[in-house]
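S.K.: For the sequence shown, the numbering used here begins at 2 and goes up steadily by one.
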Amino acid sequence: MHLAESLKSHRVEAADVSRVCDGEVRVSPVKFVWFFGMLTGACAGLGTFSLGAFVLFVVTTAVVLLLGHSLGSHRKLIHNSYSCPKWLEYFLVYCGVQVGLDGPLGLMRQHELRDYAQRLPVCHDYLRHGSSFWKDAWWQLVCSLHLYNPPKIRIERRVAEDPFYVALQETWMAQQLPWAVLFYVWGGWGFVFWGVCARVVAGVGGHWLIGYFAHNRGEMSYEVRDAAVQGRNIRWTSLLTMGECWHNNHHAFPGSARLGLRAGEWDPGWWVLQLLRRWHLAWSLRLPSDLPHRTELVLLRDVDDPPDEIASTSAAFAPLKGALPRAV
Ligand SMILES: [Zn+2]
Ligand SMILES: [Zn+2]
2 MHLAESLKSH RVEAADVSRV CDGEVRVSPV KFVWFFGMLT GACAGLGTFS
52 LGAFVLFVVT TAVVLLLGHS LGSHRKLIHN SYSCPKWLEY FLVYCGVQVG
102 LDGPLGLMRQ HELRDYAQRL PVCHDYLRHG SSFWKDAWWQ LVCSLHLYNP
152 PKIRIERRVA EDPFYVALQE TWMAQQLPWA VLFYVWGGWG FVFWGVCARV
202 VAGVGGHWLI GYFAHNRGEM SYEVRDAAVQ GRNIRWTSLL TMGECWHNNH
252 HAFPGSARLG LRAGEWDPGW WVLQLLRRWH LAWSLRLPSD LPHRTELVLL
302 RDVDDPPDEI ASTSAAFAPL KGALPRAV
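1) Where does Gly189 sit, in a helix, a strand or coil, going by DSSP?
2) Just the Cα atoms here: how many angstroms apart are Phe165 and Lys87?
3) Whole angstroms is fine: what's the gap from Leu8's alpha carbon to Tyr117's?
4) Kindly indicate which three-state DSSP category Arg76 falls into: helix, strand or coil?
5) With a threshold of 6 Å on Cβ separation, who are the neighbours of Lys153 within its own chain once the five nearest residues in sequence on each side are excluded?
6) Please work out which residues of its chain come closer than 7 Å, Cβ to Cβ, to Leu282, disregarding the five sequence neighbours upstream and downstream, and give them in chain order.
7) Evaluate contact between the stretch 27-44 and the stretch 129-149, counting only Cβ atoms and requiring at least three cross-stretch pairs below 8 Å.
8) Give me the residue from Tyr149, His70, Ser10, Tyr127 with the minimum Cα distance to Trp140.
9) Using 8 Å as the Cβ pair cut-off and three pairs as the minimum, do the stretch 96-103 and the stretch 67-78 touch?
10) Cα separation between Trp284 and Gly270?
11) Report buried or exposed for Gly204, applying the criterion of at least 16 other Cβ atoms within 10 angstroms of its Cβ.
12) Under a Cβ-count criterion, where at least 16 other Cβ atoms within 10 Å of its own Cβ denotes burial, should Glu171 be classed as buried or exposed?
13) Can you tell me which residues form a DSSP beta bridge with Ile154?
14) Could you check the C-alpha separation between Ser10 and Gly42 for me, to the nearest Å?
15) Please name the residue, chosen from Leu274, Glu266, Trp195, that lies closest to Val56 on a Cα-to-Cα basis.
16) Straight-line CA distance for Gln119 to Gln231?
17) Does the beta-carbon of Cys44 have 16 or more other beta-carbons within 10 angstroms, so that it is buried, or is it exposed?
18) Nearest by alpha-carbon distance to Trp209: which of Phe184, Glu220, Lys136 is it?
19) Between the Cα of Arg200 and those of Ser239, Asp17, Gly46, Glu266, spot the shortest distance and give me the residue it belongs to.
20) Taking Cβ to Cβ, would you say Leu67 is nearer than 8 Å to Val273?
21) Per DSSP, what are the beta-bridge partners of Cys144 in this structure?
22) Could you tell me the alpha carbon to alpha carbon distance between Met39 and Leu288, rounded to whole angstroms?
23) For the alpha helix (DSSP H) that contains Tyr149, what are its first and last residues?
24) Taking 7 Å as the cut-off, is the C-beta of Gln119 nearer than that to any heavy atom in ligand 1?
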């Protein structure tokens, strides 16, 4: 199988395309009970609405998506796109587990399989969000893909053998319990329904929804040649997704700590990283210019000058203008 250079050092190792294409989608009893259980709790929350419970929902959802999913699970654990003290990494990844998608190792495996499969010329509809809207919802929320001959996914020892991450993987669902007890003592069942159930439904449901649109509709600045599916930028969701919606940029530069690359591409995760850098809590933040050149990457439209407030990083954009081939 011909592989792009960037795939040769991937965590996934597949001898041929069939290893990541041939399989069947089956209902996962664990995902089914987890999602519909939380959905039931969220519906019960409608009958116990209070301003306090709603504020708890908004604040906890924002914290777990921004610090947890975006900065902890995705930009740090999976892509290692910046450095930070170990205690901070643990805290951020712990917050990521609170989203309710999976444990850190499970999340990493899912992400890597998807990332690898999407860069090949053919890709299973499950891994590329290629089915109809409702079928994709059913698949992603309560089903799993069972590959007949799954590829090897190598997770580095720094993560795979870390006792904290192993413990989080084994207990990721139970990690909601201490918060449920705390919220119950604090504000009764209303706080549990809104602070846990509705938050998990918003996190898991939102993760699917943005995944669907980010592979089907939206703007493109770059094309990854010969890839089965392209990432899309969904501009209006930049604040809701903490910057994760710049998925076309992410497909182009997966190892970049910054996802919103141009003026107007709001990226709350990057804003927080800059704050952490100012406080000496994050360093070695990787930008597109720090990543190896990819021959399969094509620039589809001009890269605007970055805004003044990030001028300190503007050098990172200079190579993008000249180095990438242009689409005709
Ligand atoms: Zn993608
Ligand atoms: Zn990623």
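Even glycine gets a Cβ: it sits at the ideal position worked out from N, Cα and C.
M.R.: Taking the structure as given:
1) coil
2) 11 Å
3) Leu8 and Tyr117: Cα-Cα distance of roughly 7 Å.
4) helix
5) Glu14
6) Cys85, Pro86, Leu89
7) yes
8) With distances taken between CA atoms, Trp140 lies nearest to Tyr127 out of Tyr149, His70, Ser10, Tyr127.
9) yes
10) Using only the alpha carbons, I get a separation of about 14 Å.
11) It counts as buried.
12) exposed
13) Bridge partners of Ile154: Val13.
14) 43 Å
15) When each option's Cα is compared against that of Val56, the closest is Trp195.
16) C-alpha separation (whole angstroms): 8 Å.
17) exposed
18) Lys136
19) Among Ser239, Asp17, Gly46, Glu266, the Cα nearest to that of Arg200 is on Gly46.
20) yes
21) Val28
22) 38 Å
23) For Tyr149, there is no enclosing alpha helix (DSSP H), as DSSP gives it neither H nor E.
24) yes
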